[in-house]
Amino acid sequence: MLVVIAVARARDAKRAGVEAVVVKSLAAIVQRRARAPQVSERALAAQAAALAKLEAQGLEFLPARFGTIVPDEQELERLLAPLVKPLTKALALTRGRHQMTVRVRGTRAEAPRTSGRAFLAARARQARVADADPVRKAVAGLVAAEHTGAARAPYTGALYHLVDDSHIGDYMAAIQRVQRRMPDRFVVSGPMPPYAFTSVADLANGD
Amino acid sequence: MGVFAEPEANKTLLDLVDNLLSKGVVLHADAMLALADVDLVYLRLTALLVAADRIFPKRDGGKAAT
Numbered sequence: 001m002l003v004v005i006a007v008a009r010a011r012d013a014k015r016a017g018v019e020a021v022v023v024k025s026l027a028a029i030v031q032r033r034a035r036a037p038q039v040s041e042r043a044l045a046a047q048a049a050a051l052a053k054l055e056a057q058g059l060e061f062l063p064a065r066f067g068t069i070v071p072d073e074q075e076l077e078r079l080l081a082p083l084v085k086p087l088t089k090a091l092a093l094t095r096g097r098h099q100m101t102v103r104v105r106g107t108r109a110e111a112p113r114t115s116g117r118a119f120l121a122a123r124a125r126q127a128r129v130a131d132a133d134p135v136r137k138a139v140a141g142l143v144a145a146e147h148t149g150a151a152r153a154p155y156t157g158a159l160y161h162l163v164d165d166s167h168i169g170d171y172m173a174a175i176q177r178v179q180r181r182m183p184d185r186f187v188v189s190g191p192m193p194p195y196a197f198t199s200v201a202d203l204a205n206g207d
Numbered sequence: 208m209g210v211f212a213e214p215e216a217n218k219t220l221l222d223l224v225d226n227l228l229s230k231g232v233v234l235h236a237d238a239m240l241a242l243a244d245v246d247l248v249y250l251r252l253t254a255l256l257v258a259a260d261r262i263f264p265k266r267d268g269g270k271a272a273t
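Sequence lines, in order, name chains A and B.
Numbering-wise (my numbering), the first sequence opens with residue 1 and increments by one.
Numbering-wise (my numbering), the second sequence opens with residue 208 and increments by one.
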């Protein structure tokens with residue numbers, strides 16, 4: 001079976017000399033396995049390490065979700081072919097950029113049930129991760145794209161920022177200034193591959 | 208990154224789970240994973256990944272989030 005770990009431009013994958021299945025201008029970077037991968041911290045870390053190795057080779061790629069397995073090349077080609085356009089778009093968006101993740105510490109308040117309007121307004125605020133506005137303000141101008149996400153306790157939400165490699169230092173400095181002002185409120189990690197900027201649905205909606 | 212209070216190991220594990228299990232390119236492939244050495248847990252990938260974020264019980268021992 002083939003485990004897909006990333007998608008890259010075909011020419012870049014060829015130059016890096018990685019094992020890949022090419023469909024038009026894209027290459028699915030694969031690992032051959034006899035058995036299905038275990039769902040474990042170790043397996044996750046191994047996949048992250050494989051991606052780090054690709055990065056060390058200077059390859060730009062979109063990471064695949066853990067557990068993406070296909071039986072053979074033909075099936076992979078069939079699955080990848082309809083996604084060439086949006087994934088090419090995602091590769092263009094993420095080129096020369098990395099993901100920074102900022103998680104917001106706190107207690108997530110229940111949305112008030114006093115009225116439908118108040119409830120929806122509170123839920124919208126939570127979905128936007130409004131608690132992270134001090135971070136947004138601090139890094140304005142340094143972020144190429146943003147997604148938000150829910151987070152498990154002790155976090156109330158997360159921001160995923162796509163940041164130009166040339167801006168990572170400034171971004172970190174800006175976050176650290178906020179962190180000094182609001183200790184233990186924001187936890188940042190990265191730079192890392194652009195995991196949160198690979199949604200084909202998001203890119204299709206942007207057409 | 209030493210100014211941040213979160214222990215590095217926790218942060219790393221959180222990023223692994225968050226990024227690899229709930230983000231990344233989805234090819235709508237099937238997922239065949241092994242749990243506890245039992246092979247062939249065979250589900251549609253999208254279905255599995257909706258579940259993956261929910262299968263871990265809450266720390267207080269309560270029911271998994273729905």
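Yeah, the Cβ is synthetic: ideal placement off N, Cα and C, and Gly gets one too.
query	result
Cβ contact (3+ pairs, closer than 8 angstroms) linking the segment 216-231 of chain B and the segment 123-142 of chain A	no
Residue(s) in a DSSP beta bridge with A:Gln31	A:Val3
Rounded separation between A:Gly149 and A:Ala34 - CA only	35 angstroms
With 16 other Cβ atoms within 10 Å as the buried cut-off, status of A:Gln74	exposed
Distance, A:Val22 Cα to A:Glu77 Cα	8 angstroms
Cβ-heavy atom distance, A:Val163 to the ligand HEM, below 7 angstroms	The ligand content of the structure shown is nil, which means the ligand HEM is not present either.
Chain B contact for A:Met192 (CB, 8 angstroms cutoff)	yes
A:Ser189 at chain B interface by Cβ criterion, 8 angstroms	yes
Contact between the segment 109-119 of chain A and the segment 84-97 of chain A (3+ Cβ pairs under 8 angstroms)	no
Cβ separation of A:Ala6 and A:Leu51, assumed to be a contact under 8 angstroms, to the nearest whole Å	6 angstroms
Distance between beta carbons of A:Gln31 and A:Val70, contact taken as under 8 angstroms	Rounded, the Cβ-Cβ distance is 12 angstroms, inconsistent with contact.
Separation of B:Lys230 from A:Ala36, as counted between CA atoms	20 angstroms
Length of the line joining the Cα atoms of A:Ile175 and A:Met1	43 angstroms
Collapsed DSSP secondary structure at B:Val233 in the structure displayed	coil
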